[in-house]
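Colleague: Each residue of the sequence shown is one higher than the one before, starting from 50 at the first, in the working numbering.
Below: one structure in structure tokens.
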Amino acid sequence: MQISENIYRIGGAYLVIGDKTALIDTAPRGGESALVHEIEEILRDRQLDYVILNHTEPNRSHGLSAVLERYPDAEVMATVAGIRNLKEMQSRPFRERAAKDNAVLELGNGISLRFIITPNLSWPDSMVTYEENSGTIFTCDLFSDGENLMTYPDYVENALKRLSELKITAVMPAEGDILRGTDIQKAFDIYGELLDKHREQEKNKTALILYSSHYGATREMAECIRGELESAGVTVTMCGADEDTVPNINTFSAIIAGTGTYERGASESVMRALCGVNAVLMRHKPFFTFGSHGWSGEGANILHAMLVSLGMKPFSKPFTSIFNMSDETRERLKRHTRKFAEFILN
Ligand SMILES: Cc1cc2nc3c(=O)[nH]c(=O)nc-3n(C[C@H](O)[C@H](O)[C@H](O)COP(=O)(O)O)c2cc1C
């Protein structure tokens, strides 16, 4: 589809035509022959000079092999990290040029492509490509339908700050509509709101107590923990993994996870809920696990190991009780929880 005098859209890719020609991004698996066919239709007997990969996730980069098979002399451009990934992904050597931050590639006929490196949106090797004269920006996953990129809020904030300094008249994402006019500011504002929400969440100290208890002993521990956290000023959400809907675990400042021990294991419902921990968002956030058991007591250790392996920070060893809590154990659990509350509040 022709977008402007010099730009064509082919699925999630864009073909830019100056004196030289550049394809920005390619196609996912299954889309490669249609992509090559359309490029041939547009270019006819012209060469494809450059293939620019804004990032190397296969949904955008898979079609590179087919494109290079048809246009073997095309020079492939991506960030340094992108080129390294592409070398691992491609079975054949290719002409390469690393796109440095802020470097400009002149295509001639009034087309200058500037590369702006935007790490982690959505892969570490990501960049956006900006056509300076028309103010067109090719953003790949950023501003794309179905991508919110908020796994890396700091990187989103930095990228938006840089992009907001540019004169932008059209945003060309990989998925969804091309944005022009007031829609561009609206798209920035949506990210602004997501960032504000994230900052707000960071500020509020919130804890999720997630537990499973077949006979009530672990629930009693959960309730004791809730009472102590709340009186210390922590906002608590308590969730029985077997009966309640588990909230988005990645929005909490701390997790306290508990289970009885059943057949040397932990409750499946709590383990399943903990699979929802996003290891990027929850990295280094504090947790402790707890639980009641009868004899061998593996349950709370299993939850502890899961959260450690997901990169969260253990506040302590698991806190356990043999069957129902004694008065002494209850007092110890209260003291333990108060220390934890202090830790997350400071
Ligand atoms: C089916 C079943 C299997 C159990 N297996 C173990 C076990 O392997 N090791 C252990 O220490 N306790 C075991 N227990 C004991 C429980 O962990 C203990 O009763 C604990 O208090 C249960 O916590 P809850 O009341 O929160 O469910 C088992 C209990 C049941 C009902």
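Ideal Cβ positions, reconstructed from N, Cα and C, are used throughout, including at glycine.
These figures come from a predicted structure and were not determined experimentally.
Looking at ligand 1, does it come within less than 7 Å of Ser-341, judged from the CB to the closest heavy atom?
Modeller: Here residue 341 refers to the residue found at position 292 when the sequence shown is read from its first residue. Within the cutoff, so yes.
Colleague: Within its chain, find whatever has a CB closer than 6 Å to the CB of Tyr-120; leave out the 5 residues flanking it on each side and keep chain order.
Modeller: If you number the sequence shown from 1, residue 120 lands on position 71. Here the set comprises Leu-97.
Colleague: May I ask you to check if the CB of Thr-167 is nearer than 7 Å to at least one heavy atom of ligand 2?
Modeller: Looking for ligand 2 in the displayed structure turns up nothing; the ligands present are ligand 1.
Colleague: As an exercise, report each continuous beta strand (DSSP E) stretch of at least 3 residues that is fully enclosed by the region 190-246, in chain order.
Modeller: Segments of the beta strand (DSSP E) lying fully in the region 190-246: 219-222.
Colleague: Measure the CB-CB distance between Val-319 and Ser-261 and report whether it falls below 8 Å.
Modeller: Counting from one through the sequence shown, the residue named residue 319 turns up at place 270. Counting from one through the sequence shown, the residue named residue 261 turns up at place 212. Going by C-beta atoms, Val-319 is nearer than 8 Å to Ser-261.
Colleague: Pair every Cβ in the region 227-242 with every Cβ in the region 253-260, then say whether three or more of these pairs are closer than 8 Å.
Modeller: No, because fewer than three Cβ pairs between the region 227-242 and the region 253-260 fall closer than 8 Å, the two stretches do not touch.
Colleague: Around the C-beta of Gly-309, are 16 or more other C-beta atoms found within 10 angstroms, so that it is buried, or is it exposed?
Modeller: Counting from 1 along the sequence shown, the entry for residue 309 is found at position 260. Buried, because 16 or more other Cβ atoms sit within 10 Å of the Cβ of Gly-309.
Colleague: Give me the DSSP bridge partner(s) of Arg-144.
Modeller: Position 95 of the sequence shown, counting from 1, holds the residue named residue 144. Looking at the DSSP assignment, Arg-144 forms a beta bridge with Glu-124.
Colleague: Taking the continuous beta strand (DSSP E) assigned at Ala-271, which residues delimit it?
Modeller: To locate residue 271, count along the sequence shown from 1; it is residue 222. Here Ala-271 belongs to no beta strand (DSSP E); instead the alpha helix (DSSP H) covers 266-281.
Colleague: Using only the alpha-carbon positions, how far apart do Gly-282 and Thr-200 sit?
Modeller: Here residue 282 refers to the residue found at position 233 of the sequence shown. Here residue 200 refers to the residue found at position 151 of the sequence shown. Between Gly-282 and Thr-200, the C-alpha separation is close to 28 Å.
Colleague: On the premise that Gly-61 lies in contact with Ala-290, defined as a C-beta separation below 8 Å, what is that separation, rounded to the nearest angstrom?
Modeller: For the purposes of this step, residue 290 is taken as the residue at position 241 of the sequence shown. For the purposes of this step, residue 61 is taken as the residue at position 12 of the sequence shown. 39 Å between Cβ atoms; not a contact.
Colleague: Check whether the Cβ atoms of Leu-117 and Ser-110 sit closer than 8 Å, and answer yes or no.
Modeller: The residue you call residue 117 lines up with position 68 of the sequence shown. The residue you call residue 110 lines up with position 61 of the sequence shown. No. Outside cutoff.
Colleague: Reducing DSSP to helix, strand and coil, say where Ala-411 ends up.
Modeller: Outside the shown range of the chain, which is 50 to 395, sits residue 411, and nothing can be said about it.
Colleague: For Pro-335, which three-state DSSP category applies?
Modeller: Position 286 of the sequence shown, counted from the first residue, corresponds to residue 335. Reduced to three states, the DSSP call for Pro-335 is strand.
Colleague: In terms of alpha-carbon separation, which member of Arg-313, Ser-183 and Leu-323 lies closest to Ala-306?
Modeller: Residue numbering aside, residue 306 sits at position 257 when the sequence shown is read from its first letter. With distances taken between Cα atoms, Ala-306 lies closest to Leu-323.
Colleague: Could I get the ranges of all uninterrupted alpha helix (DSSP H) runs contained in the region 280-330, with 4 residues as the minimum, in chain order?
Modeller: Taking only runs of at least 4 residues, the alpha helix (DSSP H) segments lying wholly in the region 280-330 are 317-323.
Colleague: On the DSSP letters alone, give me the boundaries of the alpha helix (DSSP H) that Ile-56 sits inside.
Modeller: Taking the sequence shown and counting its residues from 1, the one referred to as residue 56 is at position 7. Ile-56 -> not in any alpha helix (DSSP H); beta strand (DSSP E) instead, spanning 56-59.
Colleague: By Cβ distance below 8 Å, which residues in the same chain neighbour Ile-186 in space, the five residues on each side in sequence not counted?
Modeller: Reading the sequence shown from its first residue, position 137 is the one you call residue 186. The answer, listed in chain order, is Val-177, Thr-178, Tyr-179, Glu-180, Leu-212, Leu-215, Ile-217, Ala-219, Val-220 and Met-221.
Colleague: Grab the span of the alpha helix (DSSP H) containing Thr-386 for me, first residue to last.
Modeller: Indexing the sequence shown from 1 puts residue 386 at position 337. From DSSP, the alpha helix (DSSP H) with Thr-386 extends over 376-394.
Colleague: For Arg-268, which residues from the same chain have a beta carbon less than 8 Å from its beta carbon, with the 5 sequence-adjacent residues on both sides left out?
Modeller: Position 219 of the sequence shown, counted from the first residue, corresponds to residue 268. Correct list, in chain order: Tyr-260, Ser-262 and Gly-289.
Colleague: Does the Cβ of Arg-248 lie closer than 7 Å to at least one heavy atom of ligand 1?
Modeller: Taking the first residue of the sequence shown as 1, we reach residue 248 at position 199. For ligand 1, not one heavy atom lies less than 7 Å from the Cβ of Arg-248.
Colleague: Could you please give me the residues that DSSP links to Leu-162 through a beta bridge?
Modeller: By 1-based counting over the sequence shown, the position of residue 162 is 113. Leu-154 and Glu-180, per the DSSP bridge assignment.
Colleague: Comparing the CB of Gly-195 with every heavy atom of ligand 1, is any distance shorter than 7 Å?
Modeller: Within the sequence shown, residue 195 is the residue found at index 146, counting from 1. False, no ligand heavy atom lies under 7 Å from that Cβ.
Colleague: Could you round the C-beta distance between Met-361 and Val-326 to whole angstroms and report it? I think they count as a contact, below 8 Å.
Modeller: Translated into the one-based positions of the sequence shown, residue 361 becomes position 312. Translated into the one-based positions of the sequence shown, residue 326 becomes position 277. That belief holds up - the Cβ atoms of Met-361 and Val-326 are roughly 7 Å apart, short of 8 Å.
Colleague: With three or more C-beta pairs closer than 8 Å as the rule, is the region 75-93 touching the region 154-166?
Modeller: Contact fails: fewer than three Cβ-Cβ distances are below 8 Å.
Colleague: For the beta strand (DSSP E) holding Ala-261, just list the boundary residues, first then last.
Modeller: Working through the sequence shown from its first residue, we reach residue 261 at position 212. Note that residue 261 is Ser in the sequence shown, not Ala. Start and end: 255-261.
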